[in-house]
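Student:
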Amino acid sequence: LLNSLSQCGIQTHLLKRLNMREQLIKKAEIIPIEFIVRNIATGSLSKRLGIAEGTVLNKPLLEYYLKNDELGDPIITKEHIYSFEWAAKKEIEIIDKMTLRINDLLQGIFRAVGIKLVDFKIEYGRVWNNSKGVNEIILADEISPDTCRLWDMKTDKKLDKDRFRKDLGNVIEA
Ligand code: TMP
1 LLNSLSQCGI
11 QTHLLKRLNM
21 REQLIKKAEI
31 IPIEFIVRNI
41 ATGSLSKRLG
51 IAEGTVLNKP
61 LLEYYLKNDE
71 LGDPIITKEH
81 IYSFEWAAKK
91 EIEIIDKMTL
101 RINDLLQGIF
111 RAVGIKLVDF
121 KIEYGRVWNN
131 SKGVNEIILA
141 DEISPDTCRL
151 WDMKTDKKLD
161 KDRFRKDLGN
171 VIEA
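All residue numbers for the sequence shown refer to the working numbering, where the first residue is 1 and numbers rise by one.
1. Return helix, strand or coil for Q23, following the three-state DSSP convention.
2. From the DSSP output, in three-state form, read off G43 for me.
3. Taking the alpha helix (DSSP H) that I81 falls in, what are its first and last residues?
4. For T179, which option in N135, G125 and L66 has the closest C-alpha, if you only look at C-alpha atoms?
5. Measuring only from the beta carbon, is F120 closer than 7 Å to any heavy atom that is part of the ligand TMP?
6. Using DSSP's beta-bridge definition, name the partner residues of T12.
7. Using CA atoms only, rank isn't needed, just tell me which of I143, I138, E29 and K97 is closest to D119.
8. Cβ of M153 within 8 Å of Cβ of G114?
9. In angstroms, rounded to a whole number, what distance separates the CA positions of I172 and G133?
10. Measure the alpha-carbon distance for I10 versus A88 and round it to whole angstroms.
11. What is the DSSP secondary structure of K97, counted as helix, strand or coil?
12. Could you pull out every residue in the same chain whose Cβ sits closer than 6 Å to the Cβ of F110, ignoring the five residues on either side in sequence?
13. Are the beta-carbon atoms of L24 and L15 separated by less than 8 Å?
14. Grab the span of the alpha helix (DSSP H) containing L150 for me, first residue to last.
15. The beta strand (DSSP E) that contains N58, what's its start and end?
16. Under a three-way DSSP split, which group does N129 fall into?
17. Buried or exposed: which applies to N254, given that a residue is buried once 16 or more other Cβ atoms fall within 10 Å of its Cβ?
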């Protein structure tokens, strides 16, 4: 998936796949925010706001969560991000655009194999570009069934980590 995204112009941390278990990546300064995109309501959105599970959203919904395990990764707003300087306004503008573009690209990739991309989580980092003398934002995360919700297009069967989270069985098959 990261290769497909970089072919579409998304800068990622991936340099090279070394083998089945290892990859060489760029060392990035991770921005302490989880960016979540939702196309269909489920999970914590349905729980917190009472939006019916499976409601198709009019447009992708972008949410921000602080990466802090002790606090249970609380949801935050852009104002929190700017107040506490977790990222600059310019960076968030770039990331918002990249995230929506990644959502479009991933939705297309999954749709082609009969799968709906319900929601996903993604993280970004800063890497120093020596020739330009600036920090650049790159996608610095995995994209996998652990970090995405994927439903079968026809049956809405869950094909992601929710099988494990909700003890639905058939984890390997999914
Ligand atoms: P949520 O509905 O539990 O907030 O999850 C939204 C999406 O983000 C879902 O695809 C799972 C993913 N996610 C992670 O990858 N890591 C996390 O720590 C959390 C809370 C969610």
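Idealized CB from N, CA, C, for every residue including glycine.
Nothing here was measured: the structure is a model prediction, and the numbers come from that model.
Tutor: For this structure:
1. strand
2. helix
3. K78 to S83
4. Nothing can be reported for residue 179, as the shown portion of the chain is limited to 1 through 174.
5. yes
6. L139
7. I143
8. yes
9. 46 Å
10. 20 Å
11. helix
12. L117
13. yes
14. Run containing L150: none in the alpha helix (DSSP H); it sits in the beta strand (DSSP E), C148 to D152.
15. V56 to L66
16. strand
17. In the structure displayed, the chain extends from 1 to 174; residue 254 sits before or after that span and is not available.
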